[in-house]
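Asker: Those sequence lines, one after another, are chains B and R.
Residue numbers 1 to 199, in the working numbering, belong to the letters of the first sequence in order.
Residue numbers 200 to 398, in the working numbering, belong to the letters of the second sequence in order.
Got a structure for you, written out below as structure tokens; questions coming shortly.
Protein chains: 2
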Amino acid sequence: MGFIPKNIEKTIEEFSKLPGIGQKSAARLTFYLLRKKKQDVEQFGDTVRQLKEGLNYCPNCQNMTTEEMCGICQNPDRDPSVVCVVEEMLDLIALEKANDFKGHYHVLHGVISPVDGVGPDELKIAELTERVKKGGIKEVILALNPSLEGEATAAYIIRYLKPYDLKITRIARGIPVGGDLEYADSQTLKRAFEGRMEY
Amino acid sequence: MGFIPKNIEKTIEEFSKLPGIGQKSAARLTFYLLRKKKQDVEQFGDTVRQLKEGLNYCPNCQNMTTEEMCGICQNPDRDPSVVCVVEEMLDLIALEKANDFKGHYHVLHGVISPVDGVGPDELKIAELTERVKKGGIKEVILALNPSLEGEATAAYIIRYLKPYDLKITRIARGIPVGGDLEYADSQTLKRAFEGRMEY
Numbered sequence: 001m002g003f004i005p006k007n008i009e010k011t012i013e014e015f016s017k018l019p020g021i022g023q024k025s026a027a028r029l030t031f032y033l034l035r036k037k038k039q040d041v042e043q044f045g046d047t048v049r050q051l052k053e054g055l056n057y058c059p060n061c062q063n064m065t066t067e068e069m070c071g072i073c074q075n076p077d078r079d080p081s082v083v084c085v086v087e088e089m090l091d092l093i094a095l096e097k098a099n100d101f102k103g104h105y106h107v108l109h110g111v112i113s114p115v116d117g118v119g120p121d122e123l124k125i126a127e128l129t130e131r132v133k134k135g136g137i138k139e140v141i142l143a144l145n146p147s148l149e150g151e152a153t154a155a156y157i158i159r160y161l162k163p164y165d166l167k168i169t170r171i172a173r174g175i176p177v178g179g180d181l182e183y184a185d186s187q188t189l190k191r192a193f194e195g196r197m198e199y
Numbered sequence: 200m201g202f203i204p205k206n207i208e209k210t211i212e213e214f215s216k217l218p219g220i221g222q223k224s225a226a227r228l229t230f231y232l233l234r235k236k237k238q239d240v241e242q243f244g245d246t247v248r249q250l251k252e253g254l255n256y257c258p259n260c261q262n263m264t265t266e267e268m269c270g271i272c273q274n275p276d277r278d279p280s281v282v283c284v285v286e287e288m289l290d291l292i293a294l295e296k297a298n299d300f301k302g303h304y305h306v307l308h309g310v311i312s313p314v315d316g317v318g319p320d321e322l323k324i325a326e327l328t329e330r331v332k333k334g335g336i337k338e339v340i341l342a343l344n345p346s347l348e349g350e351a352t353a354a355y356i357i358r359y360l361k362p363y364d365l366k367i368t369r370i371a372r373g374i375p376v377g378g379d380l381e382y383a384d385s386q387t388l389k390r391a392f393e394g395r396m397e398y
């Protein structure tokens, strides 16, 4: 594409590397930025450039933070004896937005997936066991995705945590709120029945 | 969202300013970048930062370029006597990719749209008239979008170019290749009939 200035071509290329953004969307985004003020474009670039600057894992929950310890673990109003295990920080964000959960988290940064070459050692499972070993944790809530990989990871974690004196739970599966029974798959319906609660 | 590091929060915010990217997609893109190597993320940031660096309009066709004159106008193999007028650089790119058009272009950088406060003076129409006035142009092809704004802009340009001795054409409207007659709107069908060609 010799008829496009190098700057533009390179930006389109970078955008099209992102997931879900094809060549056409990448061009559209680039030309959107071209119409913006230079200052705004530079701010975007600088922000992305600094994304990983000073980021590290919270030594307690493995959440990402720029501080010594993450905001949740630092918060004295939260209960460190209940730990909710999630796959990704995105899940933590979703739970924090939706929930009134006031315990701590543990971020695995992935799930066991032999197909993608991800074994238990690539995840923060050892760190979770360490945390439990230290004591003070009464309940571990597994909030993993109801996928094959999520189930396998849950099974693996449960095996490692079984010896310790704590409650292990997992979040409920069932019909999503606003969902339609008619369109629910049979596995979801089965789980919804199993998890039924008394009025 | 005090539980997310500032860097991450700011990147999500910047992404969500882009058209068609909501809060959730922005978070997804940001966390995708977080899993990438620091070097790759910095390269993305730097590329975007430099997007507008040294960019200016080609004095001939108003295409964007980092050089004195754009690659198309510099190309001695292209015919400067035929000028294809487009709304945006994206249109030029689409035409260059699809077409074997070997003439020159003229990029208006928009269309007349009173609703958006865009009048003829905001566009590169005066530059087009100047070009025609200088002589040497035999045909002007209007390749504007078949929208109300596109039609209005075409009408405006035609009025200004009428006095000069040149052919003014517009690209054909009709059924798109691979399209379905059954689903075509009546305006398109009408135009397709008007523009019918002999075998």
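Yeah, the Cβ is synthetic: ideal placement off N, Cα and C, and Gly gets one too.
For R/Ile-357, count neighbouring C-beta atoms within 10 Å of its own C-beta (all shown protein chains included) and say buried if the count is 16 or more, exposed if not.
Answerer: Position 158 of the second sequence, counted from the start, is the residue given in the question as residue 357 of chain R. Exposed, by the Cβ-count rule.
Asker: Can you tell me which of the three DSSP states R/Arg-234 falls into?
Answerer: On the second sequence, residue 234 of chain R is found 35 positions in, with the first residue counted as 1. Reduced to three states, the DSSP call for R/Arg-234 is coil.
Asker: Round the Cβ separation of R/Ile-324 and R/Ile-370 to the nearest angstrom and send it over; I've been treating them as touching at under 8 Å.
Answerer: On the second sequence, residue 324 of chain R is found 125 positions in, with the first residue counted as 1. On the second sequence, residue 370 of chain R is found 171 positions in, with the first residue counted as 1. 18 Å between Cβ atoms; not a contact.
Asker: Tell me the DSSP secondary structure of B/Leu-51 in three-state form.
Answerer: Within the first sequence, residue 51 of chain B is the residue found at index 51, counting from 1. Of the three classes helix, strand and coil, the one that applies to B/Leu-51 here is coil, per DSSP.
Asker: Around the C-beta of R/Pro-345, are 16 or more other C-beta atoms found within 10 angstroms, so that it is buried, or is it exposed?
Answerer: Within the second sequence, numbered from 1, the residue matching residue 345 of chain R stands at position 146. That one is exposed.
Asker: Can you tell which of B/Lys-6, B/Gly-136, B/Lys-134 has the C-alpha that lies nearest to the C-alpha of R/Val-247?
Answerer: Taking the second sequence and counting its residues from 1, one reaches residue 247 of chain R at position 48. Answer by Cα proximity: B/Lys-6.
Asker: Measuring CA to CA, which of R/Glu-393, R/Tyr-359, R/Arg-277, R/Glu-286 is closest to R/Ile-374?
Answerer: Here residue 374 of chain R is taken as the residue at index 175 of the second sequence, counted from 1. The residue with the shortest Cα to Cα distance from R/Ile-374 is R/Glu-393.
Asker: Of the residues R/Asp-384, R/Ile-211, R/Asn-255, which one's Cα is nearest the Cα of R/Met-288?
Answerer: Here the question's residue 288 of chain R lines up with position 89 in the second sequence. Of the listed residues, the one whose Cα sits closest to R/Met-288 is R/Asn-255.
Asker: If I'm right that R/Glu-348 touches R/Ile-311 with Cβ under 8 Å, what's the distance once you round it to whole angstroms?
Answerer: For the purposes of this step, residue 348 of chain R is taken as the residue at position 149 of the second sequence. For the purposes of this step, residue 311 of chain R is taken as the residue at position 112 of the second sequence. With a Cβ gap of about 6 Å, R/Glu-348 and R/Ile-311 count as contacting.
Asker: Only counting runs of 4 or more residues, tell me where the alpha helix (DSSP H) segments fall wholly within the stretch 237-313 of chain R, in order along the chain.
Answerer: The stretch 237-313 of chain R contains these whole alpha helix (DSSP H) runs: 237-248, 270-273, 288-297.
Asker: Would you report the Cα separation of B/Glu-122 and B/Glu-198, rounded to the nearest angstrom?
Answerer: Here residue 122 of chain B refers to the residue found at position 122 when the first sequence is read from its first residue. Here residue 198 of chain B refers to the residue found at position 198 when the first sequence is read from its first residue. Roughly 41 Å separates the two Cα atoms.
Asker: Assuming R/His-303 and R/Cys-272 form a contact by the criterion Cβ under 8 Å, report the distance between their Cβ atoms to the nearest whole angstrom.
Answerer: Along the second sequence, read from residue 1 onward, the residue named residue 303 of chain R stands at position 104. Along the second sequence, read from residue 1 onward, the residue named residue 272 of chain R stands at position 73. R/His-303 to R/Cys-272, Cβ: 6 Å. Contact.
Asker: Report the CB separation of B/Val-86 from B/Val-107 in whole angstroms; it is logged as a contact under 8 Å.
Answerer: Position 86 of the first sequence, counted from the start, is the residue given in the question as residue 86 of chain B. Position 107 of the first sequence, counted from the start, is the residue given in the question as residue 107 of chain B. Contact flag correct, Cβ pair sits at about 6 Å.
Asker: Could you pull out every residue in the same chain whose Cβ sits closer than 7 Å to the Cβ of B/Cys-70, ignoring the five residues on either side in sequence?
Answerer: The sequence position of residue 70 of chain B within the first sequence is 70, counting from 1. Result list for B/Cys-70: Cys-58, Cys-61, Asn-63, in chain order.
Asker: Could you check which residue in B/Phe-31, B/Leu-128, B/Gly-179 has the C-alpha nearest to that of B/Ala-154?
Answerer: Residue mapping note: residue 154 of chain B aligns to position 154 of the first sequence, counting from 1. Checking every option, the nearest Cα to that of B/Ala-154 belongs to B/Leu-128.
Asker: Use the C-beta contact count for R/Ala-297: other C-beta atoms within 10 angstroms, 16 or more gives buried, fewer gives exposed.
Answerer: Here the question's residue 297 of chain R lines up with position 98 in the second sequence. Label assigned to R/Ala-297: exposed.
Asker: Could you check the C-alpha separation between R/Lys-209 and B/Leu-95 for me, to the nearest Å?
Answerer: As a working note, residue 209 of chain R is residue 10 in the second sequence. As a working note, residue 95 of chain B is residue 95 in the first sequence. Answer to the nearest angstrom: the Cα atoms are 20 Å apart.
Asker: Closer than 7 Å: is that where the CB of R/Asp-384 sits relative to any heavy atom of the ligand HEM?
Answerer: The model depicted lacks the ligand HEM and carries no ligand whatsoever.
Asker: Looking at the strands, I want to know which residues DSSP matches up with B/Ile-8.
Answerer: Reading the first sequence from its first residue, position 8 is the one you call residue 8 of chain B. According to DSSP, which records beta bridges pairwise, B/Ile-8 is partnered with nothing at all.
Asker: Should B/Lys-52 be labelled buried (16 or more other beta-carbon atoms within 10 Å of its own) or exposed?
Answerer: Indexing the first sequence from 1 puts residue 52 of chain B at position 52. Buried is the call here.
Asker: Check R/Val-199 in the structure and name its three-state DSSP category.
Answerer: Missing from the structure shown is residue 199 of chain R; chain R here goes from 200 to 398 and no further.
Asker: What do you reckon, are the CB atoms on B/Gly-45 and R/Gly-244 nearer than 8 Å?
Answerer: Working through the first sequence from its first residue, we reach residue 45 of chain B at position 45. Working through the second sequence from its first residue, we reach residue 244 of chain R at position 45. It is a contact, given that the beta carbons lie within the stated cut-off.
Asker: Is the Cβ of R/Arg-248 closer than 8 Å to any Cβ of chain B?
Answerer: Looking up residue 248 of chain R in the second sequence gives position 49. Yes, because at least one Cβ of chain B sits closer than 8 Å to the Cβ of R/Arg-248.
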